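> For the sequence shown, my numbering assigns the number -3 to the initial residue and increments by one for each residue that follows.
Cβ atoms here follow ideal geometry from the backbone N, Cα and C, with glycine treated the same way.
This one's a predicted model, so the numbers in the text were calculated from it and none came from an experiment.
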Amino acid sequence: MSFAATVRDELRRAAAARFRRLGRDDDAARLSAEAGTVEADPARSADDARRRWNVRHAARDAPAAPAAFVVDRASHLPTSGRALDLAGGTGRHAVWLARRGLDTILVDVSDEACRRARHAAAAAGVALEVHRADLSVDGPPDGPWDVVLSSDFLDRAVWAEAAGRLAPGGVLLVCQPTVTNLERHDRPSRRWLLEDGELGRLAASWPDLEVLEISEGWRSRGRHEAWLVARRHACQVSASGTV
């Protein structure tokens, strides 16, 4: 399947899940058919993801320090406003954003990750709002957002929605491994990897964004990652964070 077809079908499946959640079953069925799939029950899929990530987080130590990708781009980020950490795990980035003075919301599917994130925020003495939700089913929270961060989370439809909910001048940061990473590592599996050059193509398809930085390469922690920093052009947004 081509890159464009893959993205199109993923967007259709995500939209179908949204329509089903809103009770628009006819629209959901149509979009699922157009994507060429029989859509799984979103609630069951969310429960499976929740259990899987609870086990993973319970079995490993959480990294305490934010990634260099985020810290090294502090000059692009405001010190006030609203920040959203997509699939933020145990809170290492969300706590760092909150320390900068941003009103930060972390969303993650795992109860265990959310528990640890709340504990990390309390230990750091910062306010952090934590939501347990499956972004692939529920979508990102309404904006507008001054910062949106996605690190080690791949959902192209969620990225597109979140980019559209940036405030004027808001900044989007994305860090995600690519398929080239498989040359040295078995994990993440291909399902969770970007194609080479894909992040730049995605960013170009999201309206009203100025790409400040786009790069791919082997990084200091040994993974091949795509990095994106983009800023929303000045425009009017509604209370929900959409144009």
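In angstroms, rounded to a whole number, what distance separates the CA positions of E125 and R183?
Here residue 125 refers to the residue found at position 129 of the sequence shown. Here residue 183 refers to the residue found at position 187 of the sequence shown. So the alpha carbons of these two residues sit roughly 30 Å apart.
> In chain order, what residues of the same chain lie with their CB nearer than 6 Å to the CB of S146, ignoring the 5 residues before and after it?
Here residue 146 refers to the residue found at position 150 when the sequence shown is read from its first residue. So the qualifying residues of the chain are L82 and V170.
> Put A64 into one of helix, strand or coil per three-state DSSP.
Looking up residue 64 in the sequence shown gives position 68. Helix, per DSSP.
> Counting pairs of beta carbons, one from the stretch 132 to 147 and one from the stretch 175 to 190, are three or more of them closer than 8 Å?
Verdict: no, contact absent.
> Assuming the contact rule is C-beta atoms closer than 8 Å, R95 and A120 should be a hit. Round their C-beta distance to whole Å, please.
Within the sequence shown, numbered from 1, the residue matching residue 95 stands at position 99. Within the sequence shown, numbered from 1, the residue matching residue 120 stands at position 124. Contact holds; Cβ gap of about 7 Å.
> Apply the 10 Å Cβ neighbour rule to W214 and answer buried if 16 or more other Cβ atoms are within range, or exposed otherwise.
Start at 1 with the first residue of the sequence shown, and residue 214 comes out as number 218. Its Cβ having fewer than 16 others within 10 Å, W214 is exposed.
> What is the rounded straight-line gap between the Cα of A45 and the Cα of I101?
Mapped onto the sequence shown, residue 45 falls at position 49. Mapped onto the sequence shown, residue 101 falls at position 105. Approximately 20 Å, taken between the alpha carbons.
> Please check the pair R78 and D99, which I expect to be a contact at CB under 8 Å, by giving their CB distance rounded to whole angstroms.
One-based indexing of the sequence shown puts residue 78 at position 82. One-based indexing of the sequence shown puts residue 99 at position 103. Yes, R78 and D99 are in contact; Cβ-Cβ is about 5 Å, under 8 Å.
> Using a Cβ-Cβ cutoff of less than 7 Å, which residues in the same chain neighbour N177 once the five nearest sequence positions on both sides are dropped?
Counting from one through the sequence shown, the residue named residue 177 turns up at place 181. Within the same chain, N177 has close Cβ partners L189, R219 and H220.
> Would DSSP call E191 helix, strand or coil?
Taking the sequence shown and counting its residues from 1, the one referred to as residue 191 is at position 195. In this structure, E191 counts as coil in the three-state DSSP scheme.
> Mapping DSSP to helix, strand and coil, what is V122?
Translated into the one-based positions of the sequence shown, residue 122 becomes position 126. Residue state, collapsed to three classes: coil.
> Give the DSSP-derived three-state secondary structure of R78 in the structure shown.
Position 82 of the sequence shown holds residue 78. R78 falls in the strand class under three-state DSSP.
> Cα-Cα, which of S216, R217, S211 and A200 is closest to R228?
Along the sequence shown, one-based indexing puts residue 228 at 232. Selected option, being the one with the closest Cα: A200.
> From T75 to G97, what distance separates their C-alpha atoms?
The sequence position of residue 75 within the sequence shown is 79, counting from 1. The sequence position of residue 97 within the sequence shown is 101, counting from 1. Cα-Cα distance, rounded: 5 Å.
> Given that a residue counts as buried once 16 or more other Cβ atoms are within 10 Å of its Cβ, and exposed if not, what is A226?
The residue given as residue 226 occupies position 230 in the sequence shown. Classification for A226: buried.
> I'd like to check one pair, A158 with L80: are the Cβ atoms closer than 8 Å?
Along the sequence shown, read from residue 1 onward, the residue named residue 80 stands at position 84. Along the sequence shown, read from residue 1 onward, the residue named residue 158 stands at position 162. Closer than 8 Å, so yes.
> Does DSSP put V105 in a helix, a strand or coil?
For this step, residue 105 is matched to residue 109 along the sequence shown. Residue state, collapsed to three classes: coil.
> Enumerate in chain order the residues of its own chain whose CB-to-CB distance from A163 is below 8 Å, with the five nearest sequence positions on each side excluded.
Position 167 of the sequence shown holds residue 163. Excluding residues within five positions, the ones whose Cβ falls inside 8 Å are G77, R78, G139, P140, W141, D142, R228, V233 and G237.
> So, for C110: in the same chain, excluding its five sequence neighbours on each side, which residues have a beta-carbon less than 7 Å away from its beta-carbon?
As a first step, residue 110 is located in the sequence shown; it is residue number 114 there, counting from the start. Once the five neighbours on either side are set aside, the close Cβ partners of C110 are D104, V126 and R128.
> In the structure shown, what three-state DSSP assignment does W202 receive?
As a working mapping, residue 202 is identified with position 206 in the sequence shown. Reduced to three states, the DSSP call for W202 is coil.
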